[in-house]
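Asker: This is the structure, below, for whatever I ask next.
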Amino acid sequence: MNNVQARLNAQLAQPQLAPNDGIRHFLGVEGLSCRQLESIIDKAMGYFDANGRLINTDELAGCTVMNLFFENSTRTRTTFEAAQKRLGANVLNLDIARSSTNKGETLRDTLWNLQAMSADMFVVRHSASGAAHFMATQVTPNVAIINAGDGWHAHPTQAMLDMLTIYREANKPFHQLSVAIIGDIKHSRVARSDIAALQTLGVADLRVIAPKTLLPKGIERYGVRVFEDIDKGLAGVDVIIGLRIQNERIGSPLLPSTSEYFKMYGITESRVRLANPSALIMHPGPMNRGVEIASAVADGPQSVILKQVNNGIAVRMAVMAMALAGQKASRANLTN
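Heads up: the sequence shown at position 298 corresponds to 298 in full-length UniProt numbering, and the numbers run straight through without jumps.
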């Protein structure tokens, strides 16, 4: 890790940390240690019973959790709400279309008013990169902030549900895995968070596969191997993670057409055969079938896409329970 990355990780870690190596916010995976990421996985594993079904607990009983989604979301918001209810929380969903921020009130004032309603936790999705970090450091540090996706920056709970899925389904430990991420790396907060989490957990062979137009400049500095040829990039990998192609990219100079993209970078049955025979097929959703991935692959025996959704509930239960415990520990530490 270079000095710039080390300084950035230290800055990102600081507002998240609680006493005894816990977390009080979950803003990003960057800056958290391997042990801390493993503790999230271990905590999430505890929410499955012996038959692999999710359980309910009372860890957030009496706590008020507000879902502040300033961007549209179906899967992330729904799984967060399912997780909150399984933890016994009081759940409030802010109607962004009618919120005061659309009437001219600043985000800061909106948050302060919500905090005054005895909020214990905000789950935040926002189009501005760094929005969750701003809330945790500048506005409401005593309310646990969970980042549900901010701009192009980060989607840490998606990354951790991906890590949990790999942990549960792969037949090798992280340090022995070869992982390929395919698609719009440049604009993907999922890719950024997945890369950071995989590296922290010890994956040495991490590959990104995309056309030059969809690769951020200098990505090699982050310790990944870059491939423009998908067939070479998939050779022998253990995990294949496809990324969603956003509709606004299609027809632009970045991506001339969906058919051309699928021809060059679609995850097809023939391409999957280039990977390890037991390779996992993953996708954060929503999928564009016939663009990023063939239906036969998405619905095939190696696909763990639906398992990712279920694992997402367990991971979101884990980070919310840990953040609330971290906030309580931080307050107790200040009074001692």
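Idealized CB from N, CA, C, for every residue including glycine.
Using only the alpha-carbon positions, how far apart do Thr165 and Val179 sit?
Answerer: 13 Å
Asker: Roughly how many whole angstroms lie between the Cα atoms of Arg207 and His175?
Answerer: Their backbone Cα atoms lie some 14 Å apart in a straight line.
Asker: Does His126 come out as helix, strand or coil in the three-state DSSP assignment?
Answerer: Secondary structure at His126: strand, using DSSP grouped into helix, strand and coil.
Asker: Do Gly183 and Glu292 have their beta-carbon atoms positioned less than 8 Å apart in this structure?
Answerer: Contact: yes.
Asker: Can you tell me which of the three DSSP states Ala50 falls into?
Answerer: For Ala50, the secondary structure class from DSSP, reduced to helix, strand or coil, is coil.
Asker: What do you get for Cys34, buried or exposed, if any count of 16 or more other CB atoms within 10 angstroms of its CB means buried?
Answerer: exposed
Asker: For the pair the segment 112-129 and the segment 142-150, tell me if three or more CB-CB distances fall below 8 Å.
Answerer: Contact between the segment 112-129 and the segment 142-150 is present, because at least three Cβ pairs lie under 8 Å.
Asker: If you draw a straight line from the alpha carbon of Leu280 to that of Gln84, how long is it in whole angstroms?
Answerer: 29 Å
Asker: Would you mind working out which of Val237, Met160, Arg77, Arg289 sits nearest Ala275, comparing C-alpha positions?
Answerer: Val237
Asker: Assuming contact is defined by CB atoms lying nearer than 8 Å, are Met66 and Ala18 in contact in what I supplied?
Answerer: no
Asker: Among Ala61, Leu60, Cys63, Ala44, whose alpha-carbon lies nearest the alpha-carbon of Leu54?
Answerer: If we check each option's Cα against that of Leu54, Ala44 comes out closest.
Asker: Could you tell me how far apart the beta carbons of Met317 and Arg86 are, in whole angstroms, since I believe they sit closer than 8 Å?
Answerer: Beta-carbon to beta-carbon, Met317 and Arg86 are separated by about 6 Å, close enough to satisfy the 8 Å threshold.
Asker: What's the gap between the Cα of Leu60 and the Cα of Met322?
Answerer: 10 Å
Asker: Let me confirm a value: Met117 is counted as buried when at least 16 other C-beta atoms fall within 10 Å, else exposed. Which label applies?
Answerer: exposed
Asker: Run through DSSP, which three-state label would Ala275 get?
Answerer: Under the three-state reduction of DSSP output, Ala275 falls in the coil class, being neither helix nor strand.
Asker: I'd like to know whether the C-beta atoms of Gln308 and Asp194 end up nearer to each other than 8 Å.
Answerer: No; because the gap between Cβ atoms is not below 8 Å, this pair is not in contact.
Asker: Distance, Cα to Cα, Gly290 vs Phe262?
Answerer: 7 Å
Asker: When DSSP labels each residue in this structure, what does Val297 get in the three-state scheme?
Answerer: helix
Asker: Over the uninterrupted alpha helix (DSSP H) stretch that includes Ala314, give me the two end residues.
Answerer: 305-335
Asker: Starting from Leu280, trace the beta strand (DSSP E) in both directions and tell me its first and last residue.
Answerer: Leu280 -> beta strand (DSSP E) spans 280-282.
Asker: Report the start-end ranges of each alpha helix (DSSP H) in the segment 161-194 that is 4 residues or longer and not cut off at the edges.
Answerer: none
Asker: Quick one: Cα of Met215 to Cα of Val315, how far?
Answerer: The amino acid occupying residue 215 in the given sequence is Leu; Met does not appear at that position. Roughly 29 Å between the two C-alpha positions.
Asker: Taking the Cβ atom as the reference point for each residue, do Glu260 and Ala296 lie within a distance shorter than 8 Å?
Answerer: No, they are not a contact pair.
Asker: For Leu243, which option in Ile267, Ala170, Arg75, Gln14 has the closest C-alpha, if you only look at C-alpha atoms?
Answerer: Taking the Cα of Leu243 as reference, the smallest distance to any Cα among Ile267, Ala170, Arg75, Gln14 is reached at Ile267.
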